[in-house]
Ligand SMILES: Cc1cc2nc3c(=O)[nH]c(=O)nc-3n(C[C@H](O)[C@H](O)[C@H](O)COP(=O)(O)OP(=O)(O)OC[C@H]3O[C@@H](n4cnc5c(N)ncnc54)[C@H](O)[C@@H]3O)c2cc1C
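Numbering (the numbering used here), first residue to last: 78 to 575.
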């Protein structure tokens with residue numbers, strides 16, 4: 078039965094590849110259409126004409142990415158480094174060094190997160206000012222109601238409301254928002270901030286531990302994954318930009334790629350917000366559906382990925398580093414690829430990847446200007462870079478590349494099911510109650526979309542590993558909070574803003 082069903086998946090990032098792989102294994106005739114010349118989406122990697130490996134930003138895989146870890150095991154791959162420690166820099170130098178949290182004595186969350194990192198400057202009193210925030214961490218349980226309560230508040234307002242010190246906000250929380258949600262606190266939804274911080278940092282002590290690919294994710298994961306998708310009967314077609322869908326009577330019948338139409342029994346869209354907005358703006362059919370027309374209320378954020386090859390080795394104390402305070406609303410990270418990537422281990426000079434988030438003002442600079450800025454900022458963090466010369470470089474700017482979880486955006490995000498009965502959505506911006514973020518969320522929503530197809534036409538659903546349960550004291554605090562909230566709601570009129 079499933080063998081006769083034609084499924085079209087659009088977009089070959091984590092979400093689209095995840096959906097395609099599972100459905101191909103279930104015997105569906107799956108075709109994945111990707112606009113770019115190679116699969117991978119935001120995580121794609123390729124070689125420069127000079128044969129050097131580059132990618133659109135280095136990607137970390139955090140401890141809770143259990144579905145991705147399970148996938149690479151199933152694929153028989155061993156792409157990752159060991160867990161690494163990380164540092165944080167500002168223009169005054171090294172600010173913080175983090176341990177590998179799972180190697181430290183286990184404390185009830187979130188104590189380990191506050192106690193184990195070594196802060197060079199931030200006084201204890203500032204760190205303690207985060208304690209009242211714990212109430213909102215308990216109150217935000219990733220439910221629909223919690224998103225409604227917190228989404229229209231900015232993250233900055235939330236931290237201010239709970240009395241977080243100015244230094245703690247500027248030197249710890251805002252840098253995390255810039256790296257985790259790609260935007261400064263005044264431009265982030267408080268709901269997204271709480272969800273992201275809980276998932277990556279607060280839920281369990283080891284959650285902030287991270288591994289990296291020992292080369293580009295494209296080479297180490299996507300290439301062999303696509304081979305296995307093809308071996309399972311799936312087709313991955315690149316250079317295929319989808320421009321419209323054929324919809325008749327609330328059912329999608331096909332996918333339009335310029336002159337070609339691919340017939341479909343079901344379609345899974347796995348494109349970014351900006352990719353989806355482009356398709357909708359070209360499609361009178363999709364625009365006639367409120368949920369798709371409303372996507373024009375969502376936005377993307379500019380990012381910039383650079384790779385610099387130096388003429389000599391500079392000692393970078395830890396392989397992954399986050400930086401704040403260099404530009405008012407831009408965060409950046411840099412990585413020592415000689416340590417992380419196999420191909421640069423023997424390189425005579427340092428190879429550094431530096432990625433900038435919310436990089437709006439940098440995207441209009443020339444490549445030379447960008448490289449000079451990156452070199453200067455690196456030298457501020459690690460002065461030995463001053464004397465090192467840049468011998469080669471790659472600069473990749475992605476306009477509107479990543480989802481902007483802006484205050485008030487939740488109401489416009491889509492769920493896996495749409496009002497077109499056989500059109501499903503996936504990607505890192507799709508609403509799911511799984512609780513994950515970024516690559517893991519994209520992959521999980523891809524599996525969830527595949528499972529919606531399976532619910533309709535049959536097959537074995539993909540097994541999705543839930544995130545680890547809350548620790549018992551958090552569960553207790555949440556239960557008590559829900560009882561008090563429920564009591565309040567039953568006694569008080571529904572009068573105030575949520
Ligand atoms: C610089 C940077 C650093 C990051 N760091 C991390 C990190 O350390 N860890 C982490 O987990 N996440 C990180 N992320 C986020 C991560 O990259 C994304 O969450 C994830 O890749 C999203 O996957 P996706 O499948 O949802 O979408 P995408 O990767 O955006 O894939 C969508 C695909 O759809 C294709 N497409 C668009 N329009 C069309 C069309 N009309 N027709 C056909 N195809 C189309 C695109 O070409 C693309 O291949 C980072 C992102 C960036 C930019």
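The beta carbon of each residue, even a glycine, is placed where N, CA and C say it ideally should be.
Legend entry - Whole-Å CB distance - residue 502 paired with residue 526, under 8 Å assumed: The Cβ separation is near 7 Å, so the contact holds.
Inset, instruction - Examine ligand 1 and report whether any of its heavy atoms sits within less than 6 Å of the Cβ of residue 318. - result: Answer for residue 318: yes, Cβ within range of ligand 1.
Legend entry - Cβ distance (whole Å) where residue 172 is taken to contact residue 165 below 8 Å: A Cβ-Cβ distance of about 5 Å is found for the pair residue 172 and residue 165, placing them in contact under the 8 Å criterion.
Inset, instruction - Identify whether residue 100 lies in helix, strand or coil by the three-state DSSP scheme. - result: Residue 100 falls in the helix class under three-state DSSP.
Inset, instruction - Measure the Cβ-Cβ separation of residue 139 and residue 256 and say whether it is below 7 Å. - result: Not closer than 7 Å, so no.
Inset, instruction - May I ask you to check if the CB of residue 431 is nearer than 6 Å to at least one heavy atom of ligand 1? - result: Of the heavy atoms belonging to ligand 1, none sits nearer than 6 Å to the Cβ of residue 431.
Legend entry - Same chain only: Cβ atoms within 8 Å of residue 533, ignoring 5 sequence neighbours per side: Apart from the 5 residues on each side of it in sequence, residue 533 sits with its Cβ closer than 8 Å to the Cβ of 343 and 499 in its chain, given in chain order.
Inset, instruction - Tell me, to the nearest whole angstrom, how far the beta carbon of residue 160 is from that of residue 435; I am working on the premise that it is less than 8 Å. - result: No, residue 160 and residue 435 are not in contact; Cβ-Cβ is about 27 Å, not under 8 Å.
Inset, instruction - Taking the CB atoms as reference points, tell me whether residue 477 and residue 377 lie closer together than 7 Å. - result: Yes; because the gap between Cβ atoms is below 7 Å, this pair is in contact.
Legend entry - Unbroken alpha helix (DSSP H) run spanning residue 515, endpoints: That run of the alpha helix (DSSP H) goes 515-534.
Legend entry - Residue from 495, 550, 554 and 551 with nearest C-alpha to residue 529: The alpha carbon of residue 529 has as its nearest neighbour, out of 495, 550, 554 and 551, the alpha carbon of 495.
Inset, instruction - Run the CB neighbour count on residue 263, radius 10 Å, all protein chains shown included, and call it buried at 16 or more, exposed below. - result: Result: exposed.
Legend entry - Neighbourhood of residue 426 by C-beta, 8 Å cutoff - its chain only, sequence neighbours within 5 removed: Contacts found: 386, 387, 388, 389, 390, 465 and 468.
Legend entry - Limits of the unbroken beta strand (DSSP E) element including residue 510: No beta strand (DSSP E) contains residue 510, which DSSP labels as neither H nor E.
Inset, instruction - Give me the Cα-Cα distance between residue 204 and residue 191, rounded to the nearest whole angstrom. - result: Going by C-alpha positions, residue 204 is about 7 Å away from residue 191.
Legend entry - Opposing strand residues paired with residue 576 [DSSP bridges]: Limits of the chain in this structure are 78 at one end and 575 at the other, which puts residue 576 out of reach.
Legend entry - Sheet register partners of residue 469 (DSSP bridge): Partner(s): 386.
Legend entry - Three-way DSSP call (helix, strand, coil) for residue 345 in this model: In the three-state scheme derived from DSSP, where H, G and I count as helix and E and B as strand, residue 345 is classed as strand.
Inset, instruction - From the DSSP output, in three-state form, read off residue 136 for me. - result: Judged by DSSP in its simplified three-state form, residue 136 adopts coil rather than helix or strand.
Inset, instruction - For residue 336, verify whether its CB is less than 6 Å away from any heavy atom of ligand 1. - result: No, the Cβ of residue 336 stays beyond 6 Å of every heavy atom of ligand 1.
Inset, instruction - Please state if the CB of residue 168 and the CB of residue 367 are separated by a distance shorter than 7 Å. - result: Taking 7 Å as the Cβ cut-off, residue 367 and residue 168 do not qualify as a contacting pair.
Inset, instruction - May I ask you to report which of helix, strand or coil DSSP gives residue 459? - result: The answer is coil: DSSP assigns residue 459 none of H, G, I, E or B.
Inset, instruction - With 7 Å as the threshold, decide whether the Cβ of residue 272 is near any Cβ in chain D. - result: Given the protein chain composition of this structure (a single chain), no chain D is represented.
Inset, instruction - In the DSSP assignment, find the unbroken alpha helix (DSSP H) run with residue 328 in it and report its ends. - result: Segment 328-334 is the beta strand (DSSP E) holding residue 328; no alpha helix (DSSP H) there.
Legend entry - Nearest-angstrom beta carbon gap, residue 132 and residue 293 [assumed within contact, 8 Å]: Confirmed, Cβ separation roughly 5 Å.
Inset, instruction - Specify the secondary structure class of residue 24 as computed by DSSP and reduced to three states. - result: There is simply no residue 24 to check, as the chain begins at 78 and stops at 575 in what is shown.
Legend entry - C-beta contact flag for residue 231 and residue 575 at 7 Å: Not closer than 7 Å, so no.
Inset, instruction - With hydrogens ignored, establish whether the beta-carbon of residue 532 is closer than 6 Å to any heavy atom of ligand 1. - result: Outside the cutoff, so no.
Inset, instruction - Go ahead and label residue 504 buried or exposed: buried means 16 or more other beta carbons lie within 10 angstroms of its beta carbon, across all protein chains shown. - result: Residue burial annotation: residue 504 is buried, with at least 16 other C-beta atoms found within 10 angstroms of its C-beta.
Legend entry - When 222, 244, 113 and 416 are compared against residue 207, the one with the closest alpha-carbon: When only C-alpha atoms are compared, the closest one is 244.
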